[in-house]
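Peer 1: Pasting in a structure now, in structure tokens, and then I'll have a few things to ask.
Number of protein chains: 2
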Amino acid sequence: MNDALRELAHQWLHPGTKGLALRQPLRQDTLGELGLNVLDGLLSYPVAVLRQSTLDHNIAWMRDFVERADALLAPHGKTTMSPQLFQAQLDAGAWAITLATIPQLRVAHRFGVKRVLLANQPVAIADIESLAALLREDADFQAWVLVDSSAGLQRLNHVMQQIAPQRRLPVLVELGADGGRSGVRDLDSALQLAREVHAASHLSLAGIEGYEGLWVSADRDADLQRVQSLLTQMVALTRRCDAEGLFDGDEILISAGGSAYFDFVADAFNSVGDTSRPLRRILRSGCYLTSDHGLYHGLQREMRTRHDASFRHGLQPALEVWAMVQSRPEPGLALLTLGKRDASHDIDLPRPLSWHRPGQPAPRPMRDARIVKMNDQHAYLELPVEHPLQVGDLVGTGISHPCTTFDKWPLMLLTDDSYRVTGAINTFF
Amino acid sequence: MNDALRELAHQWLHPGTKGLALRQPLRQDTLGELGLNVLDGLLSYPVAVLRQSTLDHNIAWMRDFVERADALLAPHGKTTMSPQLFQAQLDAGAWAITLATIPQLRVAHRFGVKRVLLANQPVAIADIESLAALLREDADFQAWVLVDSSAGLQRLNHVMQQIAPQRRLPVLVELGADGGRSGVRDLDSALQLAREVHAASHLSLAGIEGYEGLWVSADRDADLQRVQSLLTQMVALTRRCDAEGLFDGDEILISAGGSAYFDFVADAFNSVGDTSRPLRRILRSGCYLTSDHGLYHGLQREMRTRHDASFRHGLQPALEVWAMVQSRPEPGLALLTLGKRDASHDIDLPRPLSWHRPGQPAPRPMRDARIVKMNDQHAYLELPVEHPLQVGDLVGTGISHPCTTFDKWPLMLLTDDSYRVTGAINTFF
């Protein structure tokens with residue numbers, strides 16, 4: 001454990017920390033010794049919990065997957081923005097941590113991450129200066145960034161020249177597709193940009209990047225076609241750049257991979273064929289770590305149907321948010337202490353999984369009930385009028401889209417399989 | 430300034446703080462001396478900014494409004510969860526700060542707030558214990574809470590008896606309405622609950638509460654009818670409780686008022702008539718402080734049409750989020766550094782207000798452009814193909830629903846009218 005992580009473990013949690021009903025400051029690393037259990041009803045609710053055994057399972061599963069795929073993992077850190085989870089991912093062999101913004105990259109560096117992939121073209125001059133300063137000051141720190149325009153490239157080159165002229169910033173050209181997000185829209189323009197990177201005085205062309213994970217629509221056939229089309233183009237661009245001798249380093253990077261299609265990505269990257277120097281295939285899934293009970297659960301199920309038994313016990317949901325029944329003002333309605341500030345609501349509302357009356361033996365499954373609306377601090381749970389749920393009962397919910405739940409919790413509790421609190425992780429948003 | 434606020438001012442901001450491209454730690458209270466200007470393009474974008482003069486205007490406007498209405502203001506602190514803004518509201522005469530949860534109440538207390546209205550029935554035993562412990566330990570601290578069920582009442586009474594038997598917890602009975610959130614659904618049941626509060630050994634009946642702000646639908650006539658109906662019921666309940674001698678304190682509290690209909694609330698509360706002891710009319714708007722460019726802007730416009738010239742220069746939007754153009758990959762599309770992690774997306778997506786090229790004299794209005802989608806860290810801006818917007822330009826956006834933007838920024842910058850950074854406020858979510 002490095003100094004910054006140790007400092008986190010030793011920090012004082014103040015009364016007002018969500019999920020904990022602290023009456024005085026508590027040292028974070030003593031949390032696991034208090035004998036707390038989510039099911040006892042003696043926390044402050046809502047509380048977000050991560051099941052340690054499921055995190056461990058998902059980390060091991062993905063490590064095995066990338067090994068079999070002859071790929072490397074640079075898990076997207078923006079999902080969790082948690083230094084302790086970054087460290088767990090690196091300890092399990094992750095090659096780097098991916099980040100979306102320079103402030104995120106700075107957080108990762110502050111907590112000891114020494115190799116980062118910025119899956120964006122940084123454009124703000126002060127952000128690029130901040131990156132260049134890190135590269136100048138910390139010889140052990142390595143960063144790769146994207147470009148998708150000459151304008152972006154020139155900003156990078158200019159700042160590197162000013163601030164860190166002794167290092168060349170390794171750059172991946174981002175390939176996109178019409179209707180997509182960023183990224184150069186066609187192969188010829190991307191090749192042209194690769195030439196510009198190669199020619200830039202303070203940049204080096206390190207590889208090719210794309211992001212296929214956005215295409216999740218109602219039309220799954222069309223989605224898969226677009227994914228395959230982007231991957232095919234990426235492979236072609238990699239070959240053409242290599243054929244022209246544009247890659248500058250000792251190896252060539254090719255990177256894609258959200259959490260929806262990393263199996264297709266791995267397959268496509270294995271079709272590049274011979275290259276002038278070793279090809280590093282970098283997958284960047286972020287949501288694999290916790291998965292969820294919504295969008296990614298469905299995508300995982302789809303992925304399993306594409307594969308053999310090795311996928312059967314694939315990624316499992318590790319994250320739950322537990323709320324308390326605050327009111328049952330109508331026979332078919334309960335209000336939960338669970339709002340837009342506590343759980344993702346951008347893709348689906350949280351899904352009730354189980355309910356529990358503190359003091360009783362074990363949570364029971366929650367059927368025929370659903371959350372139909374959330375306000376800032378409340379959820380509206382519709383349930384059968386005969387359901388025994390009452391004020392003070394607990395409801396465990398699963399979320400859809402981990403990224404937008406993590407960013408609502410500066411502190412998340414770790415539990416064992418019986419919901420005993422064993423510790424906590426921090427997030428930095 | 431109390432010690433806790435002074436400590437905040439003196440805290441070190443670390444590299445990785447969103448909006449600031451820090452390369453080393455910076456003492457927060459030196460931020461205003463750096464000569465930063467949002468329009469110079471030398472921050473990290475996105476950055477959330479609060480215009481100080483507009484905050485001051487809104488605070489003064491609302492102070493005048495409640496004065497004219499013979500009401501008191503307990504602004505909802507859950508909107509901002511910012512100790513510095515709480516203090517500004519109290520300095521301008523706010524009677525108390527309203528909070529939604531016990532962790533929020535603890536944050537307010539930690540930063541010196543001595544009078545709070547918890548606009549919810551607290552149900553978690555550990556939360557109630559935390560509140561009772563505060564009441565036991567801090568004789569200067571006053572808190573009012575809601576009940577809407579016997580079960581809730583009994584939990585409160587039991588914990589108060591255990592932990593703070595020397596104080597009676599003042600309670601407001603929450604009146605609701607079918608299809609609404611929490612709150613007792615009819616007058617007779619509410620009256621019965623008021624009797625139970627009055628009879629409880631460690632509680633006192635302090636008043637009547639309701640929340641009318643939720644009814645904002647496409648059918649404005651129906652909304653207004655429901656609002657007026659709830660207010661009428663609240664007035665009737667207040668009279669009946671008073672007639673029965675159920676109120677325990679030296680005064681009677683009646684409280685409602687989100688940010689949509691506080692004018693109706695004030696009118697209704699002035700119709701209660703004579704009471705056995707002084708009636709305190711408590712409004713609880715939270716969003717008045719910053720207003721917005723979306724939902725609350727529209728509601729303010731409606732409110733203005735209901736009133737005379739004193740409303741003409743009413744609440745103004747004080748909060749903007751500035752993003753940078755990261756990519757313009759198609760002629761009609763720009764990608765902004767602005768995602769679901771940075772701005773509200775629960776009611777409307779952010780609205781582009783102006784654009785600016787650093788180095789040029791002043792921002793220009795942004796017409797014919799709109800944000801059509803956001804990912805976690807990106808916004809998709811559709812704009813005319815001939816628009817000169819390019820990589821590195823800034824786009825200022827207005828948001829809809831302040832609560833869900835504040836919770837995305839641990840630090841927000843204060844600016845003057847020319848976007849010079851004069852300081853910062855913190856939030857605690």
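Residue numbers (the numbering used here), protein chains in the order written: chain A, 1 to 429; chain B, 430 to 858. Backbone N, C-alpha and C fix where the C-beta goes; we use that ideal spot for every residue, glycine too. This one's a predicted model, so the numbers in the text were calculated from it and none came from an experiment.
For residue 450/B, collect the residues of the same chain with a Cβ closer than 8 Å to its Cβ; drop the 5 residues on either side in sequence, then sort them by chain order.
Peer 2: As a first step, residue 450/B is located in the second sequence; it is residue number 21 there, counting from the start. The residues are 471, 472, 473.
Peer 1: Could you spell out the range, first to last residue, of the alpha helix (DSSP H) harbouring residue 667/B?
Peer 2: In the second sequence, residue 667/B corresponds to position 238, counting from 1. Where residue 667/B is concerned, the enclosing alpha helix (DSSP H) stretches over 649-672.
Peer 1: Thinking just about the alpha-carbon of each residue, which of 302/A, 177/A, 121/A, 140/A is nearest to the one in residue 151/A?
Peer 2: As a position in the first sequence, residue 151/A is number 151, starting the count at 1. Of 302/A, 177/A, 121/A, 140/A, the residue nearest in Cα terms is 121/A.
Peer 1: What are the residues in the region 390-409 of chain A lying within 8 Å of chain B by C-beta distance?
Peer 2: Flagged, chain order: 390, 391, 392, 403, 404, 407, 408.
Peer 1: Closest to residue 639/B by C-alpha separation, out of 741/B, 765/B, 666/B, 740/B, would be which residue?
Peer 2: Along the second sequence, one-based indexing puts residue 639/B at 210. Selected option, being the one with the closest Cα: 666/B.
Peer 1: Report the neighbours of residue 377/A on chain B: residues whose CB is nearer than 7 Å to its CB, in chain order.
Peer 2: For this step, residue 377/A is matched to residue 377 along the first sequence. Simply 507, 529, 530.
Peer 1: With contact counted as at least three CB pairs below 8 Å, one residue from each stretch, are the region 474-493 of chain B and the region 845-857 of chain B in contact?
Peer 2: As far as the Cβ criterion goes, the region 474-493 of chain B touches the region 845-857 of chain B, which means the pair count is three or higher.
Peer 1: Mind checking if residue 45/A is an interface residue toward chain B, Cβ cutoff 8 Å exclusive?
Peer 2: Stepping through the first sequence from its first residue, residue 45/A is reached at position 45. So, interface residue.
Peer 1: Based on Cα-Cα distance, which residue from 697/B, 679/B, 758/B, 727/B lies nearest to residue 178/A?
Peer 2: The sequence position of residue 178/A within the first sequence is 178, counting from 1. Selected option, being the one with the closest Cα: 758/B.
Peer 1: Any Cβ of chain B within less than 8 Å of the Cβ of residue 262/A?
Peer 2: Numbered from its first residue, the first sequence carries residue 262/A at position 262. Not an interface residue.
Peer 1: Quick one: does residue 775/B have its CB under 8 Å from some CB of chain A?
Peer 2: For the purposes of this step, residue 775/B is taken as the residue at position 346 of the second sequence. True, the Cβ-Cβ gap to chain A drops below 8 Å.
Peer 1: What residues are listed by DSSP as bridge partners for residue 415/A?
Peer 2: By one-based count along the first sequence, residue 415/A stands at place 415. DSSP lists 51/A, 421/A as partners of residue 415/A.
Peer 1: Any beta-carbon of chain A closer than 8 Å to the one on residue 732/B?
Peer 2: Taking the second sequence and counting its residues from 1, one reaches residue 732/B at position 303. With 8 Å as the cut-off, residue 732/B does not count as an interface residue toward chain A.
Peer 1: Are the region 350-370 of chain A and the region 257-266 of chain A touching by the rule of at least three beta carbon pairs closer than 8 Å?
Peer 2: No contact exists between the region 350-370 of chain A and the region 257-266 of chain A.
Peer 1: Give me the residue from 696/B, 558/B, 506/B, 443/B with the minimum Cα distance to residue 831/B.
Peer 2: Walking along the second sequence from the start, residue 831/B turns up at place 402. For residue 831/B, the nearest C-alpha among the options comes from 506/B.
Peer 1: Distance, Cα to Cα, residue 243/A vs residue 251/A?
Peer 2: Along the first sequence, read from residue 1 onward, the residue named residue 243/A stands at position 243. Along the first sequence, read from residue 1 onward, the residue named residue 251/A stands at position 251. One C-alpha to the other measures close to 14 Å.
Peer 1: In this structure, does DSSP put residue 571/B in helix, strand or coil?
Peer 2: Here residue 571/B corresponds to residue number 142 of the second sequence, with the count starting at 1. Residue 571/B falls in the strand class under three-state DSSP.
Peer 1: I'd like to check one pair, residue 582/B with residue 626/B: are the Cβ atoms closer than 8 Å?
Peer 2: Reading the second sequence from its first residue, position 197 is the one you call residue 626/B. Reading the second sequence from its first residue, position 153 is the one you call residue 582/B. Taking 8 Å as the Cβ cut-off, residue 626/B and residue 582/B qualify as a contacting pair.
Peer 1: Closer than 8 Å by beta-carbon distance: list the chain A residues that pair up with residue 446/B, in chain order.
Peer 2: Indexing the second sequence from 1 puts residue 446/B at position 17. Under the 8 Å cutoff, chain A gives 103.
Peer 1: Taking only the alpha-carbon atoms, compute the straight-line gap between residue 149/A and residue 825/B and give it to the nearest angstrom.
Peer 2: Stepping through the first sequence from its first residue, residue 149/A is reached at position 149. Stepping through the second sequence from its first residue, residue 825/B is reached at position 396. Rounded to the nearest angstrom, the two C-alpha atoms are 22 Å apart.
Peer 1: Report the partner residues of residue 599/B according to the DSSP bridge assignment.
Peer 2: Against the second sequence, residue 599/B aligns to sequence position 170. Answer is 633/B.
Peer 1: Could you name the residues of chain B that residue 178/A contacts, counting a contact when the two beta carbons are closer than 9 Å?
Peer 2: Within the first sequence, numbered from 1, the residue matching residue 178/A stands at position 178. What residue 178/A touches in chain B: 758, 759.
Peer 1: The beta strand (DSSP E) spanning residue 825/B covers which residue range?
Peer 2: On the second sequence, residue 825/B is found 396 positions in, with the first residue counted as 1. Looking at the DSSP string, the run of the beta strand (DSSP E) that includes residue 825/B is 823-827.
Peer 1: Report the option in 7/A, 338/A, 360/A whose CA atom is closest to the CA atom of residue 610/B.
Peer 2: As a working mapping, residue 610/B is identified with position 181 in the second sequence. When only C-alpha atoms are compared, the closest one is 338/A.
Peer 1: Taking 8 Å as the threshold (C-beta atoms), are residue 631/B and residue 597/B in contact?
Peer 2: Position 168 of the second sequence, counted from the start, is the residue given in the question as residue 597/B. Position 202 of the second sequence, counted from the start, is the residue given in the question as residue 631/B. For residue 597/B and residue 631/B, yes; Cβs fall inside 8 Å.
Peer 1: List, in order along the chain, the chain B residues whose C-beta lies closer than 7 Å to that of residue 340/A?
Peer 2: The residue labelled residue 340/A in the question sits at position 340 within the first sequence. Near residue 340/A (Cβ distances below 7 Å), the residues of chain B are 775, 833.
Peer 1: Just to make sure I have the definition right: I need the residues of chain B whose C-beta is within less than 7 Å of the C-beta of residue 42/A. Which are they?
Peer 2: Locating residue 42/A in the first sequence gives position 42, where the first residue counts as 1. The answer, in chain order, is 554, 555.
Peer 1: What is the DSSP secondary structure of residue 113/A, counted as helix, strand or coil?
Peer 2: Walking along the first sequence from the start, residue 113/A turns up at place 113. Coil, per DSSP.
Peer 1: Does the region 728-743 of chain B come close enough to the region 803-812 of chain B that 3 or more CB-CB pairs lie under 8 Å?
Peer 2: No: the two stretches stay apart, fewer than three of their Cβ pairs being nearer than 8 Å.
Peer 1: Identify the residues that DSSP records as bridge partners of residue 356/A: which are they?
Peer 2: In the first sequence, residue 356/A corresponds to position 356, counting from 1. Partner(s): 394/A.
Peer 1: What residues from chain B crowd round residue 324/A, counting only those whose CB sits closer than 8 Å?
Peer 2: Walking along the first sequence from the start, residue 324/A turns up at place 324. Here the neighbours are 552, 553.
Peer 1: Taking only three categories from DSSP, how would you classify residue 510/B?
Peer 2: As a first step, residue 510/B is located in the second sequence; it is residue number 81 there, counting from the start. Here residue 510/B sits in coil by DSSP.
Peer 1: To which residues does DSSP link residue 327/A through a beta bridge?
Peer 2: Start at 1 with the first residue of the first sequence, and residue 327/A comes out as number 327. Residue 327/A pairs with 335/A.
Peer 1: At the 8 Å Cβ level, is residue 783/B part of the contact set with chain A, yes or no?
Peer 2: Translated into the one-based positions of the second sequence, residue 783/B becomes position 354. It does not: the Cβ of residue 783/B has no partner Cβ on chain A nearer than 8 Å.
Peer 1: Locate the beta strand (DSSP E) running through residue 255/A, then write down its first and last residues.
Peer 2: Here residue 255/A refers to the residue found at position 255 of the first sequence. Unbroken beta strand (DSSP E) run through residue 255/A: 252-256.
Peer 1: Name the chain A residues whose beta carbon is nearer than 8 Å to that of residue 558/B?
Peer 2: Numbered from 1 along the second sequence, position 129 holds the residue referred to as residue 558/B. Those are 21, 23, listed as they occur along chain A.
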